[in-house]
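In structure tokens:
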């Protein structure tokens, strides 16, 4: 079976074009390359820094981080906080010659980035090509990032097999809607396959749902322990760089996986959130709380869902 490795490329996003061929383009752009039995996908949050949402979503799609820094500014700080909040421990860090190495070391101290592989820019590809596939075992779970209609095919879903394995003709549930969906066919890197395992990036022709019913962050899964709710309690840790206050009934956005949902604080201690629309999650998933309109850092904090 073909193996898969997924990267998020941060800092200088332009380097992704060196690694693969451009594919899907929205506020997240994907480049991929197939070499022998390995497909590597490199995703950039090209909607960032204008918007914070694509940053969290692309990080959540990846098993590995490529962070190439060409200047130290508040957006680099925001990316460091995002990676640390989402506990992305596997990564490669490089910087241009004019970046202050001591200041960068101070910025990443006591974060997950402190343990990233430090490499020269010209060694990024050589280093990342050695990184192995990281699979998650368990019930089938596909995280959706795009969905559209293709003439003569019908509804096509693009996403990542986040856990387990999917097969052609599987019947899965679209969550949080709870709709039954049949997988008619599967493609990886534009090649038809009969099955795909975590963490494969897939294109699925499906039956039972139309694109209007599917949103980014929705999940296709086998019946399992997925929870759906508009009420969340999280083991919240406030971002020390966010200086604003948090108060009951204050509005925010929450990020869970690829989902972005408007919410308000219903309680501060313990921290509870009421969402505008239901989210799908597992206990222990990381929830990041955002304030997109903040003029400084836009990440309030994060925590695991109880």
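In full-length UniProt numbering, the protein residues as written are 1 to 306.
The C-beta atom is built at its ideal place from N, Cα and C for all residues, glycine as well.
*State whether the stretch 197-208 contacts the stretch 245-262, with contact taken as three or more CB pairs (one from each stretch) at a distance under 8 Å.*
no
*Do you know whose CA, among 11, 3, 40 and 4, lies nearest residue 19's CA?*
Residue numbering aside, residue 19 sits at position 19 when the chain shown is read from its first letter. Checking every option, the nearest Cα to that of residue 19 belongs to 40.
*Is there contact between the stretch 86-98 and the stretch 110-129, where contact requires at least three CB pairs shorter than 8 Å?*
yes
_Close Cβ partners of residue 72 (< 8 Å) along its chain, the five nearest in sequence each way excluded_ = One-based indexing of the chain shown puts residue 72 at position 72. Excluding positions up to five away in sequence, the list reads 99, 100, 103, 104 and 107.
*In the DSSP assignment, find the unbroken beta strand (DSSP E) run with residue 233 in it and report its ends.*
Reading the chain shown from its first residue, position 233 is the one you call residue 233. Counting along the chain, the beta strand (DSSP E) containing residue 233 begins and ends at 227-238.
*asked:* Ignoring anything shorter than 4 residues, give me the alpha helix (DSSP H) runs that lie fully in the stretch 83-137, in order along the chain.
replied: The alpha helix (DSSP H) runs lying completely inside the stretch 83-137 and spanning 4 residues or more are 101-108 and 124-128, given in chain order.
*Output the distance between the C-alpha atoms of residue 140 and residue 199, rounded to the nearest integer angstrom.*
By one-based count along the chain shown, residue 140 stands at place 140. By one-based count along the chain shown, residue 199 stands at place 199. C-alpha separation (whole angstroms): 11 Å.
*What are the boundary residues of the beta strand (DSSP E) that includes residue 274?*
The residue labelled residue 274 in the question sits at position 274 within the chain shown. Residues 271-281.
_Using DSSP's beta-bridge definition, name the partner residues of residue 28._
The residue given as residue 28 occupies position 28 in the chain shown. For residue 28, which the question treats as bridged, DSSP gives no partner whatsoever.
*Please list the segments of the beta strand (DSSP E) lying wholly inside the stretch 37-86, counting only runs of 3 or more residues, in order along the chain.*
Complete beta strand (DSSP E) runs here, min 3: 38-44 and 64-69.
*Helix or strand or just coil, what does DSSP make of residue 250?*
If you number the chain shown from 1, residue 250 lands on position 250. If DSSP states are grouped into helix, strand and coil, residue 250 belongs with coil.
*So is residue 197 buried or exposed if we call it buried at 16+ other beta carbons inside 10 Å?*
Position 197 of the chain shown, counted from the first residue, corresponds to residue 197. With 16 or more other Cβ atoms within 10 Å, it is buried.
*Can you tell me the Cα-Cα spacing of residue 10 and residue 129, whole angstroms?*
Walking along the chain shown from the start, residue 10 turns up at place 10. Walking along the chain shown from the start, residue 129 turns up at place 129. Cα to Cα, residue 10 sits roughly 17 Å from residue 129.
*asked:* Here's the rule: buried if 16 or more other CB atoms are within 10 angstroms of the residue's CB, otherwise exposed. What is residue 78?
replied: Residue mapping note: residue 78 aligns to position 78 of the chain shown, counting from 1. Result: buried.
*asked:* If the criterion is Cβ atoms closer than 7 Å, does the pair residue 347 and residue 60 meet it?
replied: Missing from the structure shown is residue 347; the chain here goes from 1 to 306 and no further.
*Roughly how many angstroms separate the alpha carbons of residue 219 and residue 146, rounded to a whole number?*
As a working note, residue 219 is residue 219 in the chain shown. As a working note, residue 146 is residue 146 in the chain shown. Linking residue 219 to residue 146 through their CA atoms gives a straight-line distance of about 12 Å.
*Does residue 130 have its Cβ less than 7 Å from a Cβ in chain D?*
Judged by its chain identifiers, the structure shown contains no chain D, having just a single protein chain.
*Grab the span of the beta strand (DSSP E) containing residue 264 for me, first residue to last.*
Here residue 264 refers to the residue found at position 264 of the chain shown. First-last of the beta strand (DSSP E) with residue 264: 259-267.
*With 16 other CB atoms within 10 Å as the buried threshold, where does residue 169 fall?*
Locating residue 169 in the chain shown gives position 169, where the first residue counts as 1. Under this definition residue 169 is an exposed residue.
*asked:* Suppose contacts are defined by Cβ-Cβ distances below 7 Å. Is residue 162 in contact with residue 143 by that definition?
replied: Taking the chain shown and counting its residues from 1, the one referred to as residue 162 is at position 162. Taking the chain shown and counting its residues from 1, the one referred to as residue 143 is at position 143. Yes, Cβ-Cβ distance for residue 162 and residue 143 is below 7 Å.
_Quick check on residue 160: buried or exposed, where buried means 16 or more other Cβ atoms within 10 Å of its Cβ?_
Stepping through the chain shown from its first residue, residue 160 is reached at position 160. That one is buried.
*In angstroms with no decimal places, state the Cα-to-Cα distance between residue 166 and residue 195.*
The count along the chain shown starts at 1 and reaches residue 166 at position 166. The count along the chain shown starts at 1 and reaches residue 195 at position 195. About 6 Å.
*Assign residue 192 to one of three DSSP states: helix, strand, or coil.*
For this step, residue 192 is matched to residue 192 along the chain shown. Strand, per DSSP.
*asked:* Here's the rule: buried if 16 or more other CB atoms are within 10 angstroms of the residue's CB, otherwise exposed. What is residue 307?
replied: Nothing about residue 307 can be reported from this structure: the residues present for the chain run from 1 to 306 only.
*From residue 239 to residue 36, what distance separates their C-alpha atoms?*
Translated into the one-based positions of the chain shown, residue 239 becomes position 239. Translated into the one-based positions of the chain shown, residue 36 becomes position 36. Taking the straight line joining both Cα atoms gives about 43 Å.
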